[in-house]
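Numbering-wise, the numbering used here puts 233 at position 125 of the sequence shown, and it's gapless, one number per residue.
These notes are about the structure you will find just below.
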Amino acid sequence: WQKNGRPLSSKEWQQISLKHPPSLSMDSDRQRVLVGEYEADVTPQDLSILQYLYARAGKVISREEIYYRGIHRLEQIPAPKTKLYEDPTTWGGMFDTAWWRLRQAIEPFPSSPIYLVTVRGKGVTLNHTM
C-alpha cells in the first residue's frame, strides 16, 4: 500500500521487486526451494539444476555444464565422440523447456528474470541467493 491508501499497481510492484528481490534459498534436507517466504513448486530435475547453480551462485555456468554436471551429475563434461557425449541438438529443446519451467516456478516476473539470468554467449548465473 502506498501512503495515499491505494494498493500498488502491478508495474509499481514489479519495479520494487526488481530493486529489492527476496533471497532465494535451498533447503536440501527437505528438497525445497524458497524465494523469500514462498516455497517454489519445482520438479526433481529443476531441483537438480538449482542445487548445482546454488553451489556456484554468482558464477556464469555454461548450458553444457548445467546439462552434464547439474542434471546428469557427471564429474566432467564428456568430450565429443565419447560414450557419454550427446550432441546439444539432441538435448537443447529439453533443456530450454526445463529452463522455462524453472523460471516460471521461481521468478516473480519470468520475462524479466532476476534469479536465473542469461549471460549471452556464455551461460547463466544464479543471483540473489542466501
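Glycine included, each C-beta is placed from N, C-alpha and C at the ideal position.
On a predicted model such as this, the values are computed, not experimentally measured, just so you know.
CB-CB length for residue 233 against residue 132, believed under 8 Å
Going by Cβ atoms, the distance from residue 233 to residue 132 rounds to 12 Å, so no, they are not a contact pair.
Between which two residues does the beta strand (DSSP E) harbouring residue 140 extend?
Judged by DSSP secondary structure, residue 140 falls within the beta strand (DSSP E) whose first and last residues are 140-143.
Mapping the DSSP letters down to three states, classify residue 204 as helix, strand or coil.
DSSP places residue 204 within a helical segment (H, G or I) once states are collapsed to three.
Which residues does DSSP pair with residue 233 in a beta bridge?
According to DSSP, residue 233 bridges with 225.
What residues are listed by DSSP as bridge partners for residue 132?
DSSP lists 143, 237 as partners of residue 132.
Residue 153: first and last residue of the uninterrupted alpha helix (DSSP H) it sits in:
In the DSSP assignment, residue 153 falls within the unbroken alpha helix (DSSP H) covering 152-162.
Rounded to a whole number of angstroms, what is the C-alpha to C-alpha distance between residue 122 and residue 167?
For residue 122 and residue 167, the distance between alpha carbons rounds to 25 Å.
Assign residue 214 to one of three DSSP states: helix, strand, or coil.
Helix at residue 214.
Minimum C-alpha distance to residue 156 - residue among 175, 120, 212, 142
The residue from 175, 120, 212, 142 with its alpha-carbon nearest to that of residue 156 is 175.
Identify every residue that forms a DSSP beta bridge with residue 169.
Partner(s): 232.
Output the distance between the C-alpha atoms of residue 229 and residue 113, rounded to the nearest integer angstrom.
Cα-Cα distance, rounded: 46 Å.
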